[in-house]
Amino acid sequence: MSETPASEPISSPSSTPPTRALHEQTVARLNSQAALFELGFATHPHSYAKTHSAAEVVTAHPTLEPGTHWQEQQYAVAGRIMLMRQMGKAAFANLQDESGDVQLFFSKNTLVTPEHFEAVKQLDLGDVIGVRGHAFVTKTGQLTLEVSEFTPLVKSLHPLPDKHHGLKDIETRSRMRYLDLMVSDDSRRTFVIRSRVVRYIRNFLDTLGFMEVEGPTLQAIAGGTEAKPFVTHHNALSHDFYLRIALELHLKRLLVGGFEKVFEIGRVYRNEGIDLTHNPEFTMLELYWAYVDYEAIMDLVEKLFSGLALEIFGSTTFEIDGKAVDWSAPFARVDYLGELNAKVPDLDFDPLELDQLRAFCDARYPQWKKVPDYKLLDKLFGEYVEPHCINPTFVMHHPTVISPLAKEHPSRAGITERFELFAMGFELCNAFSELNDAVDQRQRFEAQAARRDAGDDEAHPIDEDFLLALEYGMPPAGGLGIGIDRLIMLLADKRSIRDVLLFPLLRPH
RNA sequence: GGAGCGUUAGCUCAAUUGGCAGAGCAGUUGACUCUUAAUCAGCGGGUUGUUGGUUCGAUUCCAACACGCUCCA
């Protein structure tokens, strides 16, 4: 079937004079759009019946004997022109679609009409076109689509970033993500990995019988962790609401309700600064599993992460940032205080006394004078242990003082049934046997509320609604939280969270 | 909040002891029927982030501000 250039209903190119000054290169492109219209090509066709992807065309013909033609197999491919090499009566172009690239060959002899050949000269880098033709191998052995006819689908009114250097400025890459995706294979790869990781996790949990749910993002009290929330206002209820900072408290209500395996993958919002590893909105996975403790969660995490490595890298051992990482189970398991005592010079505390710790740190780390007592452990841990966990390592049994929502260890005072997984010096997840003693929970909330009254605006008021649910009895349960963005950073080998978020928060222009 | 670095053409980057602002890509005109970041010849394109100051002269020096990046708190 042959399409004549004018077969689509033709809409005339816009003749409305623009109100703002147009860049020289935009004018040139509007002119070439008008020239295409004069040649009989519609400016914005409604669809294009593509039959194959660029990658399918290339992989369908493994023979690379120069001069080979496959006339019998016709392809219709659509995508964006990324490179173009015109020479008199012939031209080569690289057409890019979601699957990859295919080289196109246009020539005066092989195009169906003289209008088509004239139209080739009006194609610009960045234009989206549909092409029909057959595959052949060039003199230099490259599989190429010989175009017999083509359809301009939409003109790019702006020039593409430099075809060799691409787009380097991280702000522009984030702000104009579509350009970044157009010109950067690496960026496309990152977001494909992101999608595969999330899909893998969903499938994995589905297979284990977990139910995916959705909690509210607008909450009367933002709880579940300590962070400053965003505030918004609901007009009809005439009440301020907070954007959620964690998924936890509503998922636990579902355990009270009788669901036994629930998880949510969703956005949480924290009103805090932006840096290499923080964006005000990011994605968390939280999971709660009734009638098990943290040991079962640890087994689940081990299976999940070694399976993920296999899924993404095809192996449980792979290299990140030049370092070989081994994701085969079982992961190393170390005790929080034991590891701290082993790694921090001169430290030897067990059980832990905050007073002792304060004195220890004041003597050695005067720059931490203003750090609250209960955060000193985290400081030491972040300094001496975390960066050295290259292979995945479970750090277990955190002190109660830094684990307000975890259940205490049955035989070790001041220690909780909790673990974190570290790899590549990164925290990947946090899990524990969940506190389900409503009285204890109330006391911990009251302590937090007291800190809030004392001026700590990361502490939250008592969530009576949640406490009431807990008082009806939440079965013993293990819970898990995973920061999806950081996981993607690790798997895609990206240093900045902005590189794994399609649209990170930016100051409005 | 503090410190350091940065902001030059659509993109990637030069340059100036303070003296006409430069290249490659992209654009445009022309040549070219097997190119690969095509090539060759010609031509356009700049409020050097903003506002002040010093100076005969500022894109360069100074100050403030804006925005960005990095590190620290």
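Per my numbering, the first sequence starts with residue -15, numbered consecutively. Glycine included, C-beta positions come from ideal geometry on N, C-alpha and C.
Measuring alpha carbon to alpha carbon, tell me which of the options ends up nearest residue i.
{"i": "R402", "options": "I205, V385, R186, L269", "result": "V385"}
{"i": "T377", "options": "A313, E22, R161, D108", "result": "A313"}
{"i": "E367", "options": "H393, A397, R396, G409", "result": "G409"}
{"i": "A19", "options": "Y456, L294, D330, P136", "result": "P136"}
{"i": "H382", "options": "D362, E295, Q106, P200", "result": "D362"}
{"i": "Y184", "options": "F450, M195, L294, N78", "result": "L294"}
{"i": "D190", "options": "H148, H217, L284", "result": "L284"}
{"i": "Y226", "options": "F214, A44, I154, E232", "result": "F214"}
{"i": "V41", "options": "Q57, G51, P29", "result": "Q57"}
{"i": "E155", "options": "D259, A422, T216, P46", "result": "D259"}
{"i": "R317", "options": "P329, P335, I374, V328", "result": "I374"}
{"i": "A308", "options": "L109, W54, D477", "result": "D477"}
{"i": "I304", "options": "Y456, R342, A407", "result": "A407"}
{"i": "P145", "options": "I466, T10, L109", "result": "L109"}
{"i": "Y59", "options": "P29, A74, A431, E133", "result": "E133"}
{"i": "T216", "options": "K139, L202, T209", "result": "L202"}
{"i": "P445", "options": "G398, L221, A206", "result": "A206"}
{"i": "F297", "options": "L107, V115, L474", "result": "L474"}
{"i": "Y32", "options": "H493, R116, A280", "result": "R116"}
{"i": "P29", "options": "N15, A438, K139", "result": "K139"}
{"i": "M268", "options": "L292, I281, L231, E286", "result": "L231"}
Counting along the chain, where does the beta strand (DSSP E) carrying residue i start and finish?
{"i": "D81", "result": "74 to 81"}
{"i": "Q55", "result": "53 to 71"}
{"i": "D319", "result": "316 to 319"}
{"i": "M268", "result": "265 to 274"}
{"i": "L464", "result": "461 to 467"}
{"i": "S417", "result": "410 to 417"}
{"i": "S37", "result": "Looking at the DSSP string, S37 is not in any beta strand (DSSP E), and its letter there is neither H nor E."}
{"i": "E455", "result": "Unbroken run through E455 is the alpha helix (DSSP H), 448 to 455; no beta strand (DSSP E)."}
{"i": "F302", "result": "301 to 304"}
{"i": "V197", "result": "No beta strand (DSSP E) contains V197, which DSSP labels as neither H nor E."}
{"i": "A308", "result": "307 to 310"}
Tell me which residues share the same chain as residue i and place their Cβ nearer than 8 Å to its Cβ, disregarding the 5 neighbours each side in the sequence.
{"i": "S37", "result": "V61, D81, E82, S83, G84"}
{"i": "G193", "result": "K245"}
{"i": "N263", "result": "D469, I481, R482, L485, P488, L489"}
{"i": "E198", "result": "E248, G250"}
{"i": "A119", "result": "V41, A44, H45, H53, W54, Q57, Y59, L127, T128, L129, E130"}
Any idea which residues DSSP pairs residue i with across the strands?
{"i": "S179", "result": "Partner(s): none; S179 has no beta bridge."}
{"i": "S91", "result": "A74"}
{"i": "N187", "result": "Beta-bridge pairing links N187 to no other residue."}
{"i": "H118", "result": "E130"}
{"i": "A476", "result": "According to DSSP, A476 bridges with nothing at all."}
{"i": "H262", "result": "D259"}
{"i": "E392", "result": "T400"}
{"i": "T135", "result": "G114"}
{"i": "L405", "result": "F378, C413"}
{"i": "G84", "result": "D81"}
Short of 6 Å in beta carbon distance, which residues of its chain neighbour residue i, apart from the five on each side in sequence? Order them along the chain.
{"i": "R172", "result": "L165"}
{"i": "T0", "result": "Reliability fails at T0, whose pLDDT of 41 lies under 50, so the model's placement of it is uncertain and no value is given."}
{"i": "F266", "result": "D469"}
{"i": "Y320", "result": "V379, H381, H382"}
{"i": "V276", "result": "G462"}
Got a sec? Which residues, its chain only, sit under 7 Å from residue i by beta carbon, not counting five neighbours each side?
{"i": "Y278", "result": "E401, R402, F403, A415, F416, S417, G462"}
{"i": "L471", "result": "V181, L412"}
{"i": "L419", "result": "L389, A390, K391, Q425"}
{"i": "K212", "result": "R254, N255, E256, D441, E442"}
{"i": "A371", "result": "It should be noted that the sequence gives Pro, not Ala, for residue 371. Hits under 7 Å: G409."}
{"i": "S290", "result": "T300, W311, S312, A313"}
{"i": "A458", "result": "Position check: residue 458 holds Met in this sequence, whereas Ala was assumed. Around M458: K236, L239, V240, N420."}
{"i": "R491", "result": "none"}
{"i": "T261", "result": "R470, I481"}
{"i": "H493", "result": "none"}
What are the boundary residues of the alpha helix (DSSP H) that includes residue i?
{"i": "N15", "result": "8 to 22"}
{"i": "H100", "result": "98 to 104"}
{"i": "S290", "result": "278 to 297"}
{"i": "E155", "result": "154 to 159"}
{"i": "D437", "result": "422 to 437"}
- Message: For a minimum of 4 consecutive residues, which ranges assigned as the alpha helix (DSSP H) are wholly contained in the region 325 to 384?
- Response: 338 to 348, 357 to 368
- Every unbroken beta strand (DSSP E) inside the region 206 to 252 [3 residues or more]: 215 to 218, 223 to 227
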